[in-house]
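For the sequence shown, the residue numbers in the numbering used here are 10 to 206. Here is the structure we will look at, set down as structure tokens.
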Amino acid sequence: MARQPGSRAKLREHFLANIGRVMDSDELRGVAGANEYGRRIRELRNEEGFPILTHNDRSDLKPGEYLLLSRKPLPAFGREISKELRALVLDRNGFTCQMCGAVAGEVDPYDPSRKTRLHIGHIIDKSAGGSDDASNLRALCSVCNEGARNLTLDRPSSLKLLIQIRRATKADQLAVLSWLKGKFPGDNGQSEQRKKK
Ligand SMILES: [Zn+2]
């Protein structure tokens, strides 16, 4: 399939002319004049930073629906950060949101109709001088990433965790137990603590 010159530009223009209106794939396919509108949309998102939302970002969008809410480009995550760096950070963080603990691909704890998608976020925001170094990056789910800008939360203490676990249902307590057993097979977590030191 030959790349249609200008299809990205046509899509960009169309999105900018329709800020705030949900558009479906038929409409965008018509605009782009090619079947590869999906790839062009990804380029607009990833290379040009247009915050085009899909059902992965907002539960009120259906698959195949797209929405541009603002012409303001996204902050740099996912653009200036290389695939390798992204993979390294995700791996280091165990594919787990570092604010709420949601795991990539599992059901979103805030919205059971969608799956958790992880982004790479800055620990110290770029606007506050934070760098794109691996040491300043962490995995964040869409929900936390949207609320996380300029805000750094402490990890919950064991006391706070225990309070939450004590008031949970027995089924949820057992789910936590089985998750911990899977994370620390064969010991009670001491080896993991030693590794971190
Ligand atoms: Zn999260």
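Quick reminder that beta carbons are idealized off the backbone N, C-alpha and C, glycines included.
| task | Spatial neighbours of R49 within its chain, please: CB distance less than 8 angstroms, with the 5 preceding and 5 following residues excluded, ordered by chain position. | result | Its chain contains S16, R17, L20, A41 and A43 as the residues whose beta carbon lies nearer than 8 angstroms to that of R49, once the 5 sequence neighbours on both sides are disregarded; these appear in chain order.
| message | By the three-class DSSP mapping on this structure, what secondary structure does V31 have? | response | Correct three-state label for V31: coil.
| Start and end residues, beta strand (DSSP E) containing Y119 | Note, Y119: premise wrong, no beta strand (DSSP E); not H, not E.
| query | Any chance the CB of M108 is under 7 angstroms from a heavy atom of ligand 1? | reply | If you check the C-beta of M108 against ligand 1, you find a heavy atom less than 7 angstroms away.
| request: Drop a sphere of 10 angstroms on the beta-carbon of A148, count the other beta-carbons inside from all chains shown, and report buried for 16 or more, exposed for fewer. | output: Burial call: buried.
| task | Within the same chain, show all residues whose beta-carbon is closer than 7 angstroms to that of G114, passing over the 5 residues directly before and after it, in chain order. | result | K124 and T125.
| So, helix, strand or coil for E74, using DSSP? | Secondary structure of E74 (DSSP, three-state): strand.
| Rounded to a whole number of angstroms, what is the C-alpha to C-alpha distance between D134 and K179? | Straight through space, the alpha carbons of K179 and D134 are spaced by roughly 39 angstroms.
| Expressed to the nearest angstrom, what Euclidean distance is found between the alpha-carbon atoms of N65 and E57? | Their Cα atoms are separated by approximately 19 angstroms.
| Using CA coordinates, which residue listed in Y75, E22, T105 and S91 is at the minimum distance from K192? | It is T105 whose Cα lies nearest to the Cα of K192.
| task | Under 8 angstroms Cβ to Cβ from N145, same chain only, skipping five residues before and after it: list those, please. | result | Answer for N145: H131, I132, I133 and G139, listed in chain order.
| query | Which stretch, first to last residue, makes up the beta strand (DSSP E) that contains L148? | reply | For the sequence presented, residue 148 should be read as Ala rather than Leu. In the DSSP annotation of this structure, the continuous segment of the beta strand (DSSP E) that includes A148 starts and ends at L146 to C150.
| field | Same chain, Cβ closer than 7 angstroms to Q107, neighbours up to 5 away in sequence not counted | value | Here the set comprises R147, A148 and L149.
| Nearest CA to the CA of P60: which residue from L78, G29 and L99? | The shortest C-alpha separation from P60 is found at L78.
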